[in-house]
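Which chain is which? The protein sequence lines are U and V, in order. Its first residue numbered 3, the first sequence is counted upward by one per residue in our numbering. Its first residue numbered 12, the second sequence is counted upward by one per residue in our numbering. The beta-carbon is built from N, C-alpha and C at its ideal position, and this holds for glycine as well. Since we're looking at a predicted model, the values are computed, not measured.
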Amino acid sequence: MKKAKTHKLPVRAAISFTKSKSWRHYPIGLSLILIIPLCLLLGFGFVYPVGRLLGQSFFAPDFGLDNYRRLLETPLYLRVLGRTVIVALIVMAASLALGYPVALAMARLRRDLAGVVMACVLLPLWTSALVRSYAWIVILQRRGLVNDALLGLGVISEPLKLIYTEGAVILAMTHVLVPFMILPIFGAIRAIPTELVQAARNLGGGQFTVFARILLPLSLPGIFAGCLMTFILALGFYVTPALVGGPSSLLMATLIGQQTTETLDWGFAGALSTVLLCVTLVIVVCFRKALSNNRGISNVA
Amino acid sequence: MRRVILKGETVTLEKIEKNFAETAVVRDVSIAVQAGEFLSLLGPSGSGKTTLLMMIAGFEAPNRGRISVGTRDITFEAPNKRDVGMVFQRYALFPHMTVAQNIAFPLRMRRCSRAQARDRVDAMLAMVRLEGFADRLPQQLSGGQQQRVAVARALVAEPPVLLMDEPLSALDKKLRETMQLEIKRIQKRLGVTVVYVTHDQEEALTMSDRVAVMADGELMQVGAPIDLYHRPANAFVAGFIGKMNFLEGEYIGHDGGEAVIRLSQTATVKCPTSSATAVVGQRLTVAIRPEDLSVRPSGDVRPGGFKGRVEAALFVGAAYVVLVAIDGRAGEVVEARLPANGGSLPLVPGDIVDVFAEPSAVRLFSHQQRQAA
């Protein structure tokens with residue numbers, strides 16, 4: 003722990019240096035004027051409505067903790083919460099497993115080839131999540147591509163239930179979120195000087211050792227950023243689970259959506275949101291604690 | 012504590028050629044480095060010296076030719092199997108490992124026991140005078156300290172050969188000179204063969220047993236510093252190593268066993284015939300070192316000397332540098348370096364002087380050679 007702290011010093015110094023530099027570039031008054039529109043937008047468009055919703059969990063319909071009691075006393079809701087966290091963790095792990103090799107390959111390719119791969123990674127990101135989710139429906143539905151192919155080959159005699167399952171939700175969410183894992187890891191690996199790899203090779207390290215002892219530890223900040231991003235996005239993901247998931251794979255975001263649009267129980271929706279927000283914060287803090295013991299992490303933490 | 016003992020091995024480069032996408036960056040280079048020798052690859056940027064080093068380290072493969080260390084052919088050996096240490100330009104220390112972990116890295120790759128590794132790391136730290144820094148991280152060290160860690164890390168596994176890629180270029184002048192001595196001391200003590208890339212000729216001359224001068228991917232000359240300085244093989248080496256006055260002239264014949272070169276209507280220089288195989292009327296390039304020119308207030312011109320006018324006389328500490336415009340050659344100036352000897356120089360700009368060069372110190376190069384350089 004002590005070591006990690008001393009290590010952070012130069013990073014802090016670098017941050018304060020960039021800060022003082024930007025302050026020198028613009029007078030404080032001008033800086034304030036420039037950020038006022040953003041603050042207003044955030045205030046009225048985000049902080050106020052979220053605050054309202056969270057507040058309603060204590061006031062609607064009556065003042066008290068009734069909404070929270072209902073949440074904690076109904077096993078269904080706790081199951082949904084648990085499932086949401088587990089699905090988000092699985093999506094995060096799957097994105098890491100799929101994304102790291104892509105990021106590594108991209109970072110080591112020639113620049114022009116890396117650009118092509120980068121475009122392949124970014125193109126889906128620019129496509130609406132709605133479109134991508136419907137694409138999964140086409141692929142996974144009862145008479146979709148997968149079932150037709152398997153039936154045609156005679157592997158199965160009955161169509162499998164692929165869509166509206168937890169598996170489908172995880173698959174589609176991973177597909178949507180994997181670029182958020184690839185980009186920060188790619189950035190981290192790109193930032194590792196080639197001399198370090200050459201030095202490790204020169205000192206007797208084989209390809210695998212170089213990866214395990216040099217590339218992997220030095221790309222941890224990217225892994226950390228990517229995991230955090232995919233995990234948080236997965237926790238609150240709405241569109242995809244709502245489209246490809248079924249009643250048995252209900253997640254928190256969908257549940258909150260139901261409360262606000264179908265049952266119009268804003269107080270309970272607020273309670274659900276508060277709990278989801280708290281769970282997210284707790285997990286993020288744990289995440290940072292667990293990883294901050296690692297030296298490489300202090301670059302982003 | 013364990014004493015570190017190394018034995019250098021020969022490094023042999025045979026007819027090495029390397030192309031990057033149609034462009035030849037190394038052309039037919041052969042160098043035989045002796046065991047325990049300190050050899051510098053010296054040349055301007057783009058001369059192919061770093062590419063050559065990268066091929067010895069195994070990060071580039073030659074298109075043609077053979078590289079061997081001792082009797083081992085390593086031309087296509089994987090970099091981690093070569094047992095050739097390397098110090099990189101920007102140190103390349105692993106930022107997430109302490110100094111001790113950095114130095115122990117090659118030992119761990121060789122499955123050395125922890126206790127043994129600790130002893131050897133301690134011995135290396137003592138050798139580079141960094142005891143007590145074992146648990147620091149690289150970024151907590153100064154540039155010079157990082158460089159010494161890099162040297163220790165490259166040598167701890169006792170490779171017979173050490174490659175250094177402009178290791179001192181990131182340091183300031185004072186520190187660079189200290190580190191030059193330090194590296195020499197370590198190299199002498201361990202007896203390791205060093206191949207050292209630099210573009211700094213002074214560094215190459217002070218540190219090396221031999222220097223290989225490269226230009227445009229070709230090997231110009233390999234030799235001891237003193238040979239390169241006094242017996243350059245061509246005009247490029249003459250100009251690249253130390254200061255040199257180049258003057259164009261015409262060969263006009265012999266005078267008592269010495270060739271006579273006419274620089275202008277009134278100015279001639281003489282040089283030993285051995286260095287000139289020319290026909291009368293041929294254009295040649297005359298090369299004279301500033302310290303080989305003597306400048307005296309005008310009197311009778313000795314044969315082989317010429318008249319000139321002082322343009323500037325500068326005191327540079329150990330010597331006076333005098334710039335002299337040659338009589339009859341518009342705008343052309345030679346530089347002479349005269350020992351200061353404590354006294355003030357009796358020359359001021361505008362003085363008419365006699366310039367004389369000892370024939371044995373004058374070298375001739377053909378016209379084309381000069382153009383190529």
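(request) Starting from U/G208, find everything on chain V with Cβ-Cβ shorter than 7 Å and list it in chain order. (result) N91
(message) Considering only the alpha carbon of each residue, which of V/P55, V/V172, V/T61 and V/G260 lies closest to V/F247?
(response) V/P55
(request) Ignoring anything shorter than 4 residues or poking outside the segment 48-117 of chain V, list the alpha helix (DSSP H) runs there in chain order. (result) 60-68
(message) Within the continuous alpha helix (DSSP H) that includes V/G234, where are the two ends?
(response) That residue, V/G234, is in no alpha helix (DSSP H); its beta strand (DSSP E) goes E229 to G234.
(request) Report yes or no: is there a C-beta of chain V within less than 8 Å of the C-beta of U/A201? (result) yes
(request) Could you tell me the distance, in whole angstroms, from the CA atom of U/C122 to the CA atom of U/T129? (result) 12 Å
(message) Counting only C-beta atoms, is U/L56 closer than 8 Å to chain V at any point?
(response) no
(request) With DSSP as the reference, label U/D64 as helix, strand or coil. (result) coil
(request) Take V/T279 and list the residues in its own chain whose beta-carbon comes closer than 6 Å to its own, dropping the five residues that flank it on each side. (result) V271 and R273
(message) Here's the rule: buried if 16 or more other CB atoms are within 10 angstroms of the residue's CB, otherwise exposed. What is U/S250?
(response) exposed
(request) Would you please state the rounded distance, in angstroms, between the beta carbons of V/G59 and V/V36? I believe it to be under 8 Å. (result) 5 Å
(request) Determine the closest residue to V/E346 out of V/G339, V/L334 and V/M120, with distance taken between C-alpha atoms. (result) V/L334
(request) Compute every distance between the C-beta of V/M65 and the non-hydrogen atoms of the ligand MG, then say whether any falls below 7 Å. (result) This structure lacks the ligand MG; in fact it carries no ligand of any kind.
(request) Anything in chain U within Cβ reach of V/R121, meaning under 7 Å, just list it in chain order. (result) G206
(message) Pairs of beta-carbons, one from the segment 236-254 of chain V and one from the segment 83-93 of chain V, closer than 8 Å: are there three or more?
(response) no
(request) Would you give the residue range spanned by the alpha helix (DSSP H) that V/G155 belongs to? (result) G154 to L166
(request) Tell me, to the nearest whole angstrom, how far the beta carbon of V/L295 is from that of V/A368; I am working on the premise that it is less than 8 Å. (result) So it is not a contact: roughly 15 Å between Cβ atoms.
(request) List the residues of chain V whose Cβ lies closer than 9 Å to the Cβ of U/L220, in chain order. (result) F105, P106 and H107
(message) I need the straight-line Cα distance from U/C280 to U/E75, nearest angstrom please.
(response) 18 Å
(request) With 8 Å as the threshold, decide whether the Cβ of U/P195 is near any Cβ in chain V. (result) yes
(request) Look at V/M190 and V/Q158 and say whether their C-beta atoms are less than 8 Å apart. (result) yes
(request) Measure the alpha-carbon distance for U/S24 versus V/S153 and round it to whole angstroms. (result) Low local confidence applies: a pLDDT of 49 at U/S24 is under 50, so the model's placement there is unreliable, with the coordinate-based value given in what follows. In a straight line, the C-alpha of U/S24 is about 27 Å away from that of V/S153.
(message) Considering only the alpha carbon of each residue, which of V/R348, V/R93 and V/C123 lies closest to V/G328?
(response) V/R348
(request) Grab me the residues of U/P243's own chain with a C-beta within less than 6 Å of its C-beta, minus the 5 sequence neighbours each way, in chain order. (result) V171, L253 and T256
(message) Please list the terminal residues of the continuous beta strand (DSSP E) segment that includes V/E259.
(response) N256 to D266
(message) Can you confirm whether V/M97, when its beta carbon is compared against all beta carbons of chain U, has any partner nearer than 8 Å?
(response) yes
(message) U/I216 and U/A227 - do their beta-carbons sit closer together than 8 Å?
(response) no
(request) Could you confirm whether any beta carbon from chain V is found closer than 8 Å to the beta carbon of U/I216? (result) yes
(message) Considering only DSSP beta bridges, list what V/G319 is partnered with.
(response) V/I337 and V/V364
(message) Three Cβ pairs or more, each shorter than 8 Å: is that satisfied between the segment 121-137 of chain V and the segment 57-75 of chain V?
(response) no
(message) The beta strand (DSSP E) that contains V/V172, what's its start and end?
(response) V172 to D176
(message) Nearest by alpha-carbon distance to V/F376: which of V/N113, V/A298 and V/A323 is it?
(response) V/A298
(request) Could you pull out every residue in the same chain whose Cβ sits closer than 6 Å to the Cβ of V/D362, ignoring the five residues on either side in sequence? (result) V321
(request) Can you have a look at V/V290 and say buried or exposed, based on whether 16 or more other CB atoms are within 10 angstroms of its CB? (result) exposed
(message) Looking at chain U, is there any beta carbon in it that lies within less than 8 Å of the beta carbon of V/P117?
(response) yes
(message) Please report the distance separating the alpha-carbon of V/P350 from that of V/V306.
(response) 11 Å
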